[in-house]
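A quick write-up on the structure given underneath.
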Ligand SMILES: Cc1cc2nc3c(=O)[nH]c(=O)nc-3n(C[C@H](O)[C@H](O)[C@H](O)COP(=O)(O)OP(=O)(O)OC[C@H]3O[C@@H](n4cnc5c(N)ncnc54)[C@H](O)[C@@H]3O)c2cc1C
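Residue numbers (the UniProt record's numbering): 1 to 635.
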């Protein structure tokens, strides 16, 4: 008998890579669980754990994949005229069934409402963002309107107290935080052709002109006292029920307004019908990613709107919204990045190359460990920001296990402002680089873009995360904001912030980590103090912000590891702070961010490899020796 001839592959036979299926996204995410356990009391966590576990299972379920694929394959479109050429009463934005279902799924799970659920206590923002983190990467970008809805809800909470109980804003708020089918979303219209970062260039105007037919113009949502005219260049929640928008009053200053997109009118025959509230969808935009999301250009003609907050105080009135949407952005980035790491790992488990299992090839193992370290550093920064947000909103959170939280009041306000800008900018940027690494780690399949197969469509995760660096403040804008607030403001913000950082440094018990980080912080603070000219400080804004972020993440990694002496957390902190591994990329002051001198023979040892395996896979390195190429294999 001769040996059987090798069978050539056909379209249907031969080798097929079979990645491991993705796991429950909550149960498998030890890093998320660590952060939640740090800032949330045990009993609150026990209470919400079943919900998080359930959501983690749904996030990778067949049903969600189906809706997500549907939202991606059936892109939104606009129909303004009927077949006879007559304009509809309002421009019809047609979205897919999957898109709508993903919205309902989010509302049901409380992506917005949990942030306002007093029964969860002061930590409600943390629980909300745990849900948001699990929801976001499976939401087909519905997470974007959710974030703006949350921002609008927060702005409203700050004004409801002063409004009569029959003011329409009360009903609007209830809709925004509804978990039922009746939930509403809110858009946010700030960006115009003349600038998104610089809203002072706004060419949208508001005229005070109360509706003549009502004695109390504020009695109906569609009967706001102002008429708005202008053009908004980016509106992502175009299917929203209401929008918050900036417009100039005759003073030339910006005010904040709330308007419904449609209103009900009664025709001459007495029949009520829904018509546009002066909003014309000029066109939907064609984008690099976020294709499920109906981002439009809008023309506003006599749109009836209500003023929110004091006249001509639009920027301070909308500012709290930005903290909220920026938090959604970096939590979304962290979550997309985690999903990408899970995909890359699932692929590595199913792939063999150069005669060896990919998941154990030392270079790949190191790459996966490095991904985890970078992600862990970013997680620490992101979740601290959410905890400070919770503290700021409620005036208290259980700080017994987190003594590093800032003190409620001025300290927490200053810290939050710095953290949300820094977190949004640095985490979004790091996530893009991190996801690209994961995409490459899946080889050619990682570059595929099968819109009806979202489970391993890492390309979609990448292009949908890229936007996070730009919207809600591009990196440069946030760096500028952060420096002007921290260093150039006439208030003592830097002193307050430094006091907090120095207290954190004092909490670190591991001498080597404390000393290294203390040295970096001293050099960082000295550089900022020495810089005299604002334009030079601003010119170096990127490096300032990324260096600060590296130091803060390093401090948090050290403190996190010291909580329980967890081996992986300790090794991650050591590598980040002392070994120059992990980090936030190249935009740092390299003389400050710790770069140790490596021994001549390099850093790689058997011990390092073993820790790579523990960091990447949470397990001991298997006995089988994997070298990295069949030509070097001893077997
Ligand atoms: C998919 C998508 C959806 C969006 N959805 C919405 C939405 O729903 N609502 C909305 O209002 N907007 C939305 N935007 C707009 C987005 O917020 C803006 O594009 C963004 O804020 C940047 O503004 P810009 O486009 O005017 O760019 P510019 O402001 O012109 O910025 C260009 C560059 O200049 C830099 N820059 C600007 N100012 C400074 C400075 N002071 N110092 C240093 N560098 C600076 C920026 O960092 C950036 O790199 C969306 C954008 C995208 C891509």
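The beta-carbon is built from N, C-alpha and C at its ideal position, and this holds for glycine as well.
Which stretch, first to last residue, makes up the beta strand (DSSP E) that contains residue i?
| i | result |
| --- | --- |
| residue 283 | 279-284 |
| residue 200 | Element bounds for residue 200: n/a, residue is neither H nor E. |
| residue 187 | 186-189 |
| residue 228 | 226-235 |
| residue 274 | 272-276 |
| residue 592 | That residue, residue 592, is in no beta strand (DSSP E); it is neither H nor E in DSSP. |
| residue 17 | Careful: residue 17 lies outside any beta strand (DSSP E) and carries neither H nor E. |
| residue 80 | 77-81 |
| residue 89 | 87-94 |
Can residue i be considered in contact with ligand 1, in the sense that its beta carbon sits closer than 6 Å to one or more heavy atoms?
| i | result |
| --- | --- |
| residue 184 | no |
| residue 236 | yes |
| residue 71 | no |
| residue 197 | yes |
| residue 287 | yes |
| residue 476 | yes |
| residue 136 | no |
| residue 363 | no |
| residue 397 | no |
| residue 359 | no |
| residue 188 | yes |
| residue 471 | yes |
| residue 10 | no |
| residue 631 | no |
| residue 544 | no |
| residue 78 | no |
| residue 28 | no |
| residue 325 | no |
| residue 467 | yes |
| residue 147 | no |
Go through its chain and collect everything with a Cβ distance to residue i's Cβ below 6 Å, but skip five positions before and after it.
| i | result |
| --- | --- |
| residue 569 | 560, 561 |
| residue 555 | 504, 517 |
| residue 67 | 98, 101, 102 |
| residue 24 | 56, 57 |
| residue 323 | 420 |
| residue 640 | The question about residue 640 has no answer, for the chain in this structure spans 1 to 635. |
| residue 108 | 179 |
I'd like the list of long-range same chain contacts for residue i, defined as Cβ closer than 7 Å, with 5 residues on each side in sequence excluded.
| i | result |
| --- | --- |
| residue 477 | 197 |
| residue 661 | Since the first residue shown for the chain is 1 and the last is 635, residue 661 is missing from the structure and cannot be characterised. |
| residue 36 | 45, 126, 130 |
| residue 71 | 96, 98, 99, 102, 140, 292 |
| residue 483 | 537, 538, 541, 544 |
| residue 104 | 181 |
| residue 415 | 388, 406, 497, 500 |
| residue 551 | 517, 520, 521, 524 |
| residue 177 | 112, 113, 116, 153 |
With a threshold of 16 other CB atoms inside 10 Å of the CB of residue i, please say whether the residue is buried or exposed.
| i | result |
| --- | --- |
| residue 584 | buried |
| residue 536 | exposed |
| residue 232 | buried |
| residue 375 | buried |
| residue 637 | Given that the chain is displayed from residue 1 to residue 635, the structure contains no residue 637 and the question cannot be resolved. |
| residue 305 | buried |
| residue 94 | exposed |
| residue 42 | exposed |
| residue 366 | buried |
| residue 513 | buried |
| residue 226 | buried |
Over the uninterrupted alpha helix (DSSP H) stretch that includes residue i, give me the two end residues.
| i | result |
| --- | --- |
| residue 303 | Run containing residue 303: none in the alpha helix (DSSP H); it sits in the beta strand (DSSP E), 296-308. |
| residue 433 | 410-441 |
So, at 8 Å on beta carbons, what are the nonlocal neighbours of residue i in its own chain, with the 5 sequence-adjacent residues on each side left out?
| i | result |
| --- | --- |
| residue 412 | 388, 391, 392, 405, 406 |
| residue 283 | 78, 296, 297 |
If you measure from the beta carbon of residue i to each beta carbon in chain D, is any gap under 7 Å?
| i | result |
| --- | --- |
| residue 370 | Any reference to chain D falls outside this structure, which holds one protein chain only. |
Validate contact between the region 111-128 and the region 303-310 using beta carbons, cut 8 Å, 3 pairs: no
Given 8 Å, three or more beta-carbon pairs between the region 9-18 and the region 355-365: no
Cβ pair count under 8 Å reaching 3, the region 238-254 against the region 182-198: yes
Does the contact criterion of 3 or more C-beta pairs under 8 Å hold for the region 462-480 versus the region 388-405? no
Does the structure place the region 521-537 close enough to the region 488-508 that three or more beta carbon pairs sit under 8 Å? yes
Could you tell me whether the region 525-536 touches the region 487-500, where touching means 3 or more Cβ pairs closer than 8 Å? yes
Determine contact between the region 383-395 and the region 445-456, defined as no fewer than three beta-carbon pairs at a distance below 8 Å. no
Can you find at least 3 beta carbon pairs, one from the region 109-116 and one from the region 148-155, that sit closer than 8 Å? yes
Sufficient close CB pairs (3 or more, under 8 Å) joining the region 318-336 to the region 581-599: no
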